[in-house]
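Worksheet: the structure to be examined is printed underneath.
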Amino acid sequence: MRSEQGTRRKAAVVRAAVAAAGAAWAQGAWAVGDMPGGPGVNQLNLTRGVTRIAADQWWIHNLLLLVCLAIFVVVFGVMFYSVWAHRKSRGHKPADFHESTAVEIAWTVVPFLIVVGLAIPATRMVVEQKDTSQPDLTIKATGYQWKWGYEYLKGDGTGIAFLSTLATPRAQIEGTEAKSETYLMEVDNPLVVPVGQKIRMVVTANDVIHSWMVPAFGVKQDAIPGFVRDTWFRAEQVGTFRGQCAELCGKDHAFMPIVVEVKSQDDYKAWVAARQKEMLAKADDPTKEWTLAELTERGARVYAANCAACHQASGKGVAGAFPALEGSKVVLGKQDEQIALLLKGKPGTAMASFKQLSDVELAAVSTYVRNAWGNKPEDTVVQPKDYTAAR
Amino acid sequence: MSAVLDHTGHHDDHAHDHPTGWRRWLLATNHKDIGTLYLWFAFAMLITGGLMAFGIRLELFRPGLQYLQPEFFNQLTTMHGLVMVFGAIMPAFVGFANWQIPMMIGAADMAFARMNNFSFWLMPPAALLLVASFFVPGGATAAGWTLYAPLSVQMGVGMDMAIFAVHILGASSIMGSINIITTILNMRAPGMTLMKMPLFVWTWLITAYLLIAVMPVLAGAITMVLTDRHFGTSFFNAAGGGDPVMYQHIFWFFGHPEVYIMILPAFGIVSEIIPTFSRKRLFGYSSMVYATASIAILSFIVWAHHMFTTGMPVTGQLFFMYATMLIAVPTGVKIFNWVATMWRGSMTFETPMLFAIGFIFVFTMGGLTGIILSVAPLDIQLHDTYYVVAHFHYVLVAGSLFALFGGTYYWLPKWTGHMYDEKLGKWHFWLSMIFFNVTFFPMHFLGLAGMPRRYADYPMQFADFNALASVGALGFGLSQLIFLACIVKCIKGGQKATDQVWENAEGLEWTLPSPAPWHSFETPPTVK
Chain B
2 MRSEQGTRRK AAVVRAAVAA AGAAWAQGAW AVGDMPGGPG VNQLNLTRGV TRIAADQWWI
62 HNLLLLVCLA IFVVVFGVMF YSVWAHRKSR GHKPADFHES TAVEIAWTVV PFLIVVGLAI
122 PATRMVVEQK DTSQPDLTIK ATGYQWKWGY EYLKGDGTGI AFLSTLATPR AQIEGTEAKS
182 ETYLMEVDNP LVVPVGQKIR MVVTANDVIH SWMVPAFGVK QDAIPGFVRD TWFRAEQVGT
242 FRGQCAELCG KDHAFMPIVV EVKSQDDYKA WVAARQKEML AKADDPTKEW TLAELTERGA
302 RVYAANCAAC HQASGKGVAG AFPALEGSKV VLGKQDEQIA LLLKGKPGTA MASFKQLSDV
362 ELAAVSTYVR NAWGNKPEDT VVQPKDYTAA R
Chain L
142 MSAVLDHTGH HDDHAHDHPT GWRRWLLATN HKDIGTLYLW FAFAMLITGG LMAFGIRLEL
202 FRPGLQYLQP EFFNQLTTMH GLVMVFGAIM PAFVGFANWQ IPMMIGAADM AFARMNNFSF
262 WLMPPAALLL VASFFVPGGA TAAGWTLYAP LSVQMGVGMD MAIFAVHILG ASSIMGSINI
322 ITTILNMRAP GMTLMKMPLF VWTWLITAYL LIAVMPVLAG AITMVLTDRH FGTSFFNAAG
382 GGDPVMYQHI FWFFGHPEVY IMILPAFGIV SEIIPTFSRK RLFGYSSMVY ATASIAILSF
442 IVWAHHMFTT GMPVTGQLFF MYATMLIAVP TGVKIFNWVA TMWRGSMTFE TPMLFAIGFI
502 FVFTMGGLTG IILSVAPLDI QLHDTYYVVA HFHYVLVAGS LFALFGGTYY WLPKWTGHMY
562 DEKLGKWHFW LSMIFFNVTF FPMHFLGLAG MPRRYADYPM QFADFNALAS VGALGFGLSQ
622 LIFLACIVKC IKGGQKATDQ VWENAEGLEW TLPSPAPWHS FETPPTVK
């Protein structure tokens, strides 16, 4: 009886061990293939990429590697020969030299010349990488905790804007489901760009510093809140290319990938047309009478995107710099004053005109601030048509 | 080490009594006792930081989230960095300075004995603050050891504890540096001119100046974070007219010299060990001194190479790239000088020598990847990837830490009066060397393939090298237990060490008895 139990327990242990080994096996890199447009399985070197910049980086890395390897072999060839030959156990007697001006000058000058030689091609590459002039298409990338927002600023597709978030299911991350080939490097809405065109990326962030990286393009640009920096690429191949956020940005730093689809000119045009049609269909009707709930729901989003940076999400503003909206006279007073302020701004202060927003957006955000943070205004609802009338 | 110094303490019947028991340590004013405190403190922090690294490698053993949530993972990477840099490596070198500098320059003790006590006893409270911050609401700071704003402004109270701890550690470092500079400049034995000082003393003199120059800069940076967090300032907040990148400029103006603070004394230790076991004088003594000074000066004008991806203008990138590449020249001089010292010597390979040669070998690999990283257009690909993680562990673990191990084995017989167990020492060296490379070499590949650092989870394609690195890390951590065993064994007893200890050791410390007397040199020796 006892031994039978023991056997059964042993069998269970063996089964568990086999299962664990199997699980470990399934978690290995061999369980998947190379990621299309992303890292290869156990990739050893830089990617050659699909832009001239990435190819240059690949080339200069190989050059540097060869130079370093040569230095390594020479220096350690000498050192290990010495370790082998000049040891006491072989009866080697110590020599007495301890300086040599000629040798010391030589091994100062030679490395200096090597460094200068390496700096020459590197300089040309820096200049090329920083040249963001004359782009065919300008796209703004905004880092959020923890997703990317894209906005097509100039060129074919102007006006298209969307958010791009991780598409990997939670179950794969937690290990209850097998991980796919594109695990952690897949998104719901990839950035779409045309092949062979110079794309200028204007990069910024909304909260903390992020970094927009796509190794296949040889691009990495920190996204700095409150500032815009730019970089560029010209993809020479159609396909999907992947990267990840490269600057520590909080808990989900590892879960905000970047996916770029490079399409042929025609496919890109078709994508732009489809996307714009879709946006038109979703566009708002400014003549309709909106409910309070609709307006505040929409207004919260407008507020977060346009107002929170100064007036803060809490509505408390920043003392001495940006007035609080919580309990503000303008917010609580008649709607006309607020409408005028949003349309014209307040000269001499940081409050700009927001007339570039649509009447629906303006009405929504006005209604939102009137009802947020315990505000009790005279007019609760501002309708889009009020803005249309005031313009 | 108490067993050793007790009896030397008792026969000393000068003007004052020496406290015994716990008061001996709390009220310590003797440079050897304080050095011992520093070294044990550093070892405790090494183990603490090592446990954090173990947590990191455990989570990264396989893709997916298994053991740790990303918030906690980020806390571990942050605190691992802070604890290792400020708790382990820096105090360990100060411990060496305390033990060795008076003995090597022929002095009785350090210049400011009570300040020496204070600068040590500031450290345990700071360490407690760091460790305790894990247990406050929100946990420890998770902003990375660089504490970049505005992420560090978002953190909870753990961040304030870290800021306070770093302030205290900074104050301690500055006091230690003042003490070291004063001792070296004023208390050298007659005849020991600056250019006759042992190289370890030279490297520490330069390091101490670096510390005094940059610790206040760090204090400024983190104070600004503190006021941004609590007092409504906007140093790093664009909405209030500040700039997040300014934090990085200030931090790295401290941070890059800090790198050399952690490596120059290591150069000094290696420059003491290599000649002894090669039975030949150090090659190019004066060029070593000039190279050390050049590295220190250059370290002030290269900081923005940590920031190539922030979007600097072309001229900025070029300036910092050229200046950084230039550092390869004096660093190269040092490596060549060590090899030339070994050349046609009569070498033996006791543990200190193994660690010194191991240091040259692996540190140079870290130096070469440093040249690769200095090339700005290429750094765009490698910045913030595992390539950087590999690079700085090659220079900080295989560089600074291996030199510290080598130095410990080298001077331990002088400190304890006993020879350490050579067999254990060799096991420690070979296992550390092998597991170190198993852990960190694959990280070069991960970085080249584009795996970003500070990631709690990663794509499947990176799985194998991560698993390998985790196995290596476990081995590396366990190997350090051999070190502990070897030290404890040596303190407790062992073959009696001679005064000279090593056949060809030169320098004033070897003219003292082993173990060294309570007051190193009561009458200063004369140096010819």
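So the protein sequences, as listed, match chains B and L.
The first sequence: position 123 = 124 (my numbering), numbered continuously.
The second sequence: position 451 = 592 (my numbering), numbered continuously.
Note that CB positions come from ideal geometry on N, CA and C, so glycine has one too.
Just so we're clear, the structure is a prediction, and the values are computed from it rather than from any experiment.
- With a threshold of 16 other beta carbon atoms within 10 Å, residue 276 of chain L falls short and is exposed.
- In the structure shown, residue 659 of chain L adopts coil according to DSSP, grouped into three states.
- Between the alpha carbons of residue 619 of chain L and residue 228 of chain L lies a gap of roughly 20 Å.
- In the structure shown, the three-state DSSP call for residue 223 of chain B is strand.
- In the three-state reduction of the DSSP assignment, residue 111 of chain B falls in the helix class, which pools H, G and I.
- Put simply, the stretch 239-250 of chain L touches the stretch 336-343 of chain L. At least three CB pairs are less than 8 Å apart.
- Minimum Cα-Cα distance from residue 257 of chain L among the listed residues L:249, L:291, L:307 and L:169 corresponds to L:169.
- Secondary structure in the stretch 153-203 of chain B: the beta strand (DSSP E) runs of 3 residues or longer, each lying completely within the stretch, are 162-165 and 192-195 in chain order.
- Proximity of chain L to residue 42 of chain B at the Cβ level (cut-off 7 Å) is accounted for by 602, in chain order.
- Secondary structure note for residue 211 of chain B: its beta strand (DSSP E) is the uninterrupted segment 211-215.
- Residue 318 of chain B has its alpha-carbon roughly 59 Å from the corresponding atom of residue 570 of chain L.
- Beta-bridge partners of residue 231 of chain B (DSSP): B:203.
- Partner residues in the beta bridge of residue 262 of chain B, as assigned by DSSP, are B:193 and B:241.
- By the C-beta density criterion, residue 283 of chain B is exposed, having fewer than 16 other C-beta atoms within 10 angstroms.
- The closest CA to that of residue 300 of chain B, considering only B:264, B:141 and B:359, is found on B:359.
- Of all residues in the stretch 393-422 of chain L, only 419, 420, 421 and 422 come within less than 8 Å of chain B when Cβ atoms are compared, listed by chain position.
- Here the stretch 38-53 of chain B does not lie against the stretch 444-460 of chain L, with fewer than 3 beta-carbon pairs under 8 Å apart.
- Beta-carbon to beta-carbon, residue 288 of chain L and residue 210 of chain B are separated by about 12 Å, too far to satisfy the 8 Å threshold.
- By the criterion of at least three beta-carbon pairs nearer than 8 Å, the stretch 378-396 of chain L is not in contact with the stretch 524-531 of chain L.
- Using beta-carbon distances, residue 512 of chain L counts as an interface residue toward chain B, with a partner under 8 Å.
- Excluding the 5 residues flanking it on each side, residue 508 of chain L has same chain C-beta neighbours closer than 6 Å at 472, in chain order.
- Taking a Cβ-Cβ cut-off of 8 Å, the neighbours of residue 83 of chain B in chain L comprise 480, 483, 484, 485, 486 and 488, given in sequence order.
- For residue 355 of chain L, the three-state secondary structure derived from DSSP is helix.
- Rounded to whole angstroms, residue 154 of chain B and residue 616 of chain L show a C-alpha spacing of 53 Å.
- Residues of the stretch 520-543 of chain L with a C-beta less than 8 Å from any C-beta of chain B: 521, 522, 524, 525 and 526, listed in chain order.
- Here residue 366 of chain B is near residue 303 of chain B, since their CB atoms are less than 8 Å apart.
- Taking the CA atoms as reference points, residue 261 of chain L sits about 46 Å from residue 127 of chain B.
- Within a 10 Å sphere around the beta-carbon of residue 265 of chain B sit fewer than 16 other beta-carbons, which makes this residue exposed.
- Residue 634 of chain L and residue 562 of chain L have their C-alpha atoms some 10 Å from each other.
- Within chain B, no C-beta atom comes less than 7 Å from the C-beta of residue 369 of chain L; the nearest is roughly 12 Å away.
- Listed by position along chain L, the residues whose Cβ is nearer than 8 Å to that of residue 184 of chain B are 204, 600 and 601.
- Linking residue 186 of chain B to residue 165 of chain B through their CA atoms gives a straight-line distance of about 12 Å.
- Contact between residue 547 of chain L and residue 411 of chain L holds: their C-beta atoms lie close to 7 Å from each other, under 8 Å.
- Straight-line spacing of the CA atoms in residue 648 of chain L and residue 86 of chain B works out to 27 Å.
- With a cut-off of 8 Å on Cβ pairs, the stretch 213-220 of chain B is not in contact with the stretch 101-114 of chain B, counting fewer than three such pairs.
- Residue state for residue 559 of chain L is assigned as strand, using DSSP reduced to three classes.
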